[in-house]
Amino acid sequence: MASSPIAPVIPPASRPSARGQQGERVVRRLPLADSLPGLSRVRDVVYGMARIDASGRVADRGVTAALGWRGGDRLTLTAESGAVVARRDPGGLVTLQARLYLVIPAALRHRCGLRAGDQVLLAAWPDQDALTAFPLAVVDQAVRAHGLGPSSQGGTQ
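If you want the numbering used here, it's the 1-based position in the sequence shown plus 14.
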């Protein structure tokens with residue numbers, strides 16, 4: 015019994031219109047959900063996690079969407095207590111990219127001890143129009159300072 019090959023099924027690049035003609039493909043953006051995976055809202059702060067790439071880019075679109083920031087917005091970045099703070103500022107030296115990622119300059123990353131591949135806790139305060147990237151070392155210090163880690167007996171305090 016000889017079998018013949020089956021031709022692949024490849025969908026058209028655009029859907030036919032109601033009249034059966036090939037029209038331009040229309041891409042619609044989906045609305046942003048109130049609760050995205052990996053995004054948490056606690057009172058007036060929105061939290062997310064991100065990883066810094068080799069160019070200093072860091073992004074969590076849910077966090078930046080909560081701030082209402084858009085590509086092209088000007089930002090001022092500062093280092094405060096080992097964390098990077100970004101504030102929208104028309105005179106800022108950093109521009110938020112169209113894909114809503116923030117580029118942390120190398121000097122600021124070095125000052126805060128951030129390296130490529132490091133994860134950061136992002137905290138957005140929409141009422142203050144600010145975003146803070148906390149290195150996990152800073153988060154760890156805060157957790158340990160509050161005695162919230164495991165106790166020497168193996169339980170939690």
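Cβ atoms here follow ideal geometry from the backbone N, Cα and C, with glycine treated the same way.
Please read these numbers as outputs of a predicted model, since none were measured by experiment.
Delimiting residues of the beta strand (DSSP E) encompassing A120 = Here residue 120 corresponds to residue number 106 of the sequence shown, with the count starting at 1. Annotation: A120 is outside any beta strand (DSSP E); the continuous alpha helix (DSSP H) that includes it extends over 120–126.
ask   = Within this structure, are the beta carbons of R125 and A93 separated by less than 7 Å?
value = By 1-based counting over the sequence shown, the position of residue 125 is 111. By 1-based counting over the sequence shown, the position of residue 93 is 79. R125 is a Cβ neighbour of A93, given a cutoff of 7 Å.
Cβ shell of P140 (< 8 Å), same chain only, five flanking positions each side left out = Here the question's residue 140 lines up with position 126 in the sequence shown. Here the set comprises D58, V60, A80, L81, G82.
request  = Pull up the distance between the alpha-carbon of D154 and that of A137, whole angstroms please.
outcome  = Here the question's residue 154 lines up with position 140 in the sequence shown. Here the question's residue 137 lines up with position 123 in the sequence shown. In a straight line, the C-alpha of D154 is about 15 Å away from that of A137.
key: With 16 other Cβ atoms within 10 Å as the buried cut-off, status of V41   = Along the sequence shown, read from residue 1 onward, the residue named residue 41 stands at position 27. Per-residue confidence for V41 stands at a pLDDT of 45, beneath the threshold of 50, marking its modelled position as unreliable; no derived number is given.
key: Boundaries of the alpha helix (DSSP H) in which G76 is found, first to last residue   = Taking the sequence shown and counting its residues from 1, the one referred to as residue 76 is at position 62. Per DSSP, G76 belongs to the alpha helix (DSSP H) from 75–81.
task = Pick out whichever of G106, G161, R123 has its Cα sitting closest to the Cα of L89.
result = Along the sequence shown, one-based indexing puts residue 89 at 75. If you compare the alpha carbons of G106, G161, R123 with that of L89, the shortest gap goes to G106.
Proximity of V77 and G96 at Cβ, strictly below 7 Å = As a first step, residue 77 is located in the sequence shown; it is residue number 63 there, counting from the start. As a first step, residue 96 is located in the sequence shown; it is residue number 82 there, counting from the start. Judged by their CB atoms, V77 and G96 are not nearer to each other than the 7 Å cut-off.
query = Smallest Cα separation from D87: which of I66, Y115, R158?
reply = If you number the sequence shown from 1, residue 87 lands on position 73. Among I66, Y115, R158, the Cα nearest to that of D87 is on Y115.
inquiry  = Suppose contacts are defined by Cβ-Cβ distances below 7 Å. Is I118 in contact with V98 by that definition?
reply    = Counting from 1 along the sequence shown, the entry for residue 118 is found at position 104. Counting from 1 along the sequence shown, the entry for residue 98 is found at position 84. Annotated as proximal: I118 and V98, with beta-carbon spacing under 7 Å.
ask   = Looking only at C-alpha atoms, which of H160, A130, T146 sits nearest to A2?
value = The displayed coordinates of the chain run from 15 to 171. Any statement about residue 2 would go beyond what the structure contains.
request  = Leaving out five residues on either side along the sequence, give the residues of the same chain with a beta carbon under 6 Å from the beta carbon of R75.
outcome  = Looking up residue 75 in the sequence shown gives position 61. Around R75: L114.
request  = Can you tell me the Cβ-Cβ gap for L122 and L91, rounded? I've got them flagged as a contact below 8 Å.
outcome  = Walking along the sequence shown from the start, residue 122 turns up at place 108. Walking along the sequence shown from the start, residue 91 turns up at place 77. Taking 8 Å as the upper bound for CB-CB distance, L122 and L91 are in contact here, some 6 Å apart.
query = Looking only at DSSP bridge pairs, what is Q133 linked to?
reply = To locate residue 133, count along the sequence shown from 1; it is residue 119. Q133 pairs with R65.
query = Can you list, in chain order, the residues of its chain whose CB lies under 8 Å from that of R129, leaving out five sequence neighbours each side?
reply = To locate residue 129, count along the sequence shown from 1; it is residue 115. Taken in chain order, the residues that qualify are I66, R123.
key: D132 to P149 span [Cα, whole Å]   = For the purposes of this step, residue 132 is identified with residue 118 of the sequence shown, where counting begins at 1. For the purposes of this step, residue 149 is identified with residue 135 of the sequence shown, where counting begins at 1. Cα to Cα, D132 sits roughly 8 Å from P149.
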